[in-house]
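I have placed the structure first, in the form of structure tokens, so that the comments after it can refer back to it.
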Amino acid sequence: MPREIVPGIHWIYEAGPDRTESWDLADRNPEWYDPGREAYVPQCAYLVDGGEETLLFDTLSPASTDQILATIDDLVGDRGLDYLVVSHPDVPHAGNTLAILEEHPEATLVAPEYGNDHELYHLDEGLHVDEGDELELGDRTVKFHEATFLDSPVSVWMTEETTETLFPVDWMGFIHLDEEKLRFVDELDGEFDRSRLVEFHGRVLFWYQYIDVEKTNAEIDSLIRRFDPEIVAPAHGLVIREDATEYMAMMKEVTRTIDGQERIGTLG
Amino acid sequence: MTVQVTPTVEWLNQCYDHEGRHEHVSLYLVRAPEGTVLVDSGSFYHRDAITDAVDAATDGEGPDAIVLSHSDYPHAANVAPLGGDTDDVELVASSASPAQQGLPDARKCDIGGTLTIQGRKFSFVDPPLADRSHTTWIYEHGDGVLFTADGFGNYHDPGECDNLSGDFPDVTPAEDIYEYHRDNLVWLRYVAPEKVERTLDDIFDDVDVAAVAPIHGNPIEADGLDTYRDRLADAMERIAAEHVVA
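One line per chain: the protein sequences are X and W, in this order. This note's numbering applies: residue 1 is where the first sequence begins, and numbers increase by one. This note's numbering applies: residue 1001 is where the second sequence begins, and numbers increase by one.
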């Protein structure tokens, strides 16, 4: 079941595999972890409904094809899906693109302008967007941005202007416990443990282990000034709807922490 | 075109045209003691040519195993057409969640570990230059070839498609190395290049490399490796220097 973050923005969640064993959580027992519990790094997609038009940002993974098709139907009904945005052609993010377009031939495929090998990803057709391009959906307007922290060169971030929501895709993901799924960060018990962000970024944005800390943190400050979001909706974490810029600022300490240690591990 | 790289490793190359400049989207065939092993499976874009080339190279038998560097479409798109979804072909992949990566069930290789596949020992190296978190570099212990994705690549001109590094006038051209990494490993903007260099030094101290076989470049022979690495280091410095935070 999706969860509505604010009117017109729906959070669609896929748990993925339990990471307890692959991340060695039982033995390492980090402070945020409860022994015996399951833990997940989710795959999230978001549906923006502007009243006049609808837009899906990312597709969930091929393990959840039926789920995403059913959820789209539940959310858009007879109105149909107007836009399908692929943040980047990584399989867990874009792997249901063809299935969705087959089910919704009325949808326009939207892909990043960035990168130079779109044909290798079935992304040569459709609308290509880069910095500043907007789609007005009625009560909601999305704007696209060059992805700052990324893996694939064919990447884009998105904001929703009226709710001041930032969709930073792979950035600001983190692991959570089973009972925390689809909770907003402000609904979690206790203080948020920054080490969850460290675990994720050290494994998934693996290149963080090589970063110029000062430069990266300057970029984070620039992102905070530039976007100043009320809500952060990551692809691999829980939605942050309070004190969003404080969590963005927390990422500076994350970069410092990763810099000071060995490679944490892989995603698995 | 199929090009011999080392006695038991062949390069099955295909090219993607960037308005006159080429980028390889390759796979490699290892003739292991007990069978043939493909490293990667190429793009759907080149599917017919790839399946024909593999067919020709294996006398119509097809591969015995496929080892994937990662699940990105240009690397994993022909797993099924090459039999990787059948019991006849052993599929090896680094992802612990193949369903999420759109892969059939695969034998999991641990990054940092080793496996014997078709009688050949393979090591799986944590790559400093990649574009997916579950990417592995792959080192085969027979001839000593290190297969890399997506780093150690380069663009090339038409006519250079089958070059090994020694076929260029002076190893792989510096500008081709720089432009490829600038366009494909965009995150290099944020790195301190000396940190990547230290990791590369550790890797090359650890394995005896007869050739580096990139998925997206011309293979680099041992006597060209130092020159390539110098140019790669310069490229990383340049990419980092060129990105200024607003």
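Backbone N, C-alpha and C define an ideal beta-carbon position, used for all residues, glycine too. Computed from a predicted structure; not experimentally measured.
| Asked | Found |
| --- | --- |
| Look up M158 of chain X in the DSSP assignment and give the residues it is bridged to. | X:F144, X:F167 |
| Is D1208 of chain W near the ligand FAD, with its Cβ less than 7 angstroms from a heavy atom? | Because no ligand of any kind appears in the structure shown, any question about the ligand FAD cannot be addressed here. |
| List the residues that DSSP assigns as beta-bridge partners of D1017 of chain W. | W:H1022 |
| With a Cβ-Cβ cutoff of 8 angstroms, do R140 of chain X and V239 of chain X count as a contact? | no |
| Please determine, among W:A1106, W:D1048, W:A1057, the residue with the shortest C-alpha to C-alpha distance to V1067 of chain W. | W:A1106 |
| CA-CA distance, V1245 of chain W and D130 of chain X? | 18 angstroms |
| Determine the direct distance from the alpha carbon of T1148 of chain W to that of F206 of chain X, and round the result to whole angstroms. | 16 angstroms |
| Which residues in chain X have a C-beta closer than 8 angstroms to the C-beta of I1111 of chain W? List them in chain order. | T266 |
| Classify D1048 of chain W as buried or exposed, calling it buried when 16 or more other Cβ atoms lie within 10 Å of its own Cβ. | exposed |
| Should G202 of chain X be flagged as near chain W, meaning a C-beta pair shorter than 8 angstroms? | no |
| Given a cut-off of 8 angstroms on the beta-carbon distance, is the pair D170 of chain X and L150 of chain X in contact? | yes |
| Kindly give me the distance between the Cβ atoms of K252 of chain X and I211 of chain X, rounded to whole angstroms, as I take these residues to be in contact under 8 angstroms. | Their Cβ separation, rounded to whole angstroms, is 11 angstroms, which puts K252 of chain X and I211 of chain X out of contact at 8 angstroms. |
| Residues in the same chain with beta-carbon distance under 6 angstroms from G95 of chain X, minus the five sequence neighbours each way, listed in chain order, please. | S61, P62 |
| I'd like to know whether the C-beta of Q261 of chain X is nearer than 8 angstroms to at least one C-beta of chain W. | no |
| Can you name the residues that DSSP bridges to Y1178 of chain W? | DSSP output for Y1178 of chain W lists no bridge partner at all. |
| Please go through the same chain and pick out, in chain order, the residues whose beta-carbon is closer than 7 angstroms to the beta-carbon of R1132 of chain W, but skip the five residues on each side of it. | H1070, D1072 |
| Taking only three categories from DSSP, how would you classify G1042 of chain W? | strand |
| Counting only the same chain and skipping the five closest in sequence on each side, list residues whose C-beta sits under 7 angstroms from that of R183 of chain X. | L238 |
| Return the bridge partner residues of D1110 of chain W from the DSSP annotation. | BP columns for D1110 of chain W are empty, so no partner. |
| Is the segment 1032 to 1043 of chain W touching the segment 1115 to 1125 of chain W in the sense that three or more CB pairs, one from each, lie closer than 8 angstroms? | yes |
| Hey, does D1252 of chain W have any beta-carbon neighbour from chain X nearer than 8 angstroms? | Missing from the structure shown is residue 1252 of chain W; chain W here goes from 1001 to 1246 and no further. |
| Is it a yes or a no for the segment 222 to 239 of chain X touching the segment 5 to 14 of chain X, going by three-plus beta-carbon pairs under 8 angstroms? | yes |
| Can you list, in chain order, the residues of its chain with a C-beta nearer than 7 angstroms to that of I258 of chain X? Leave out the 5 residues immediately preceding and following it. | V198, H201, G202, Y208, Q209 |
| To which residues of the same chain is M248 of chain X closer than 6 angstroms at the C-beta, ignoring the five residues directly before and after it? | I224 |
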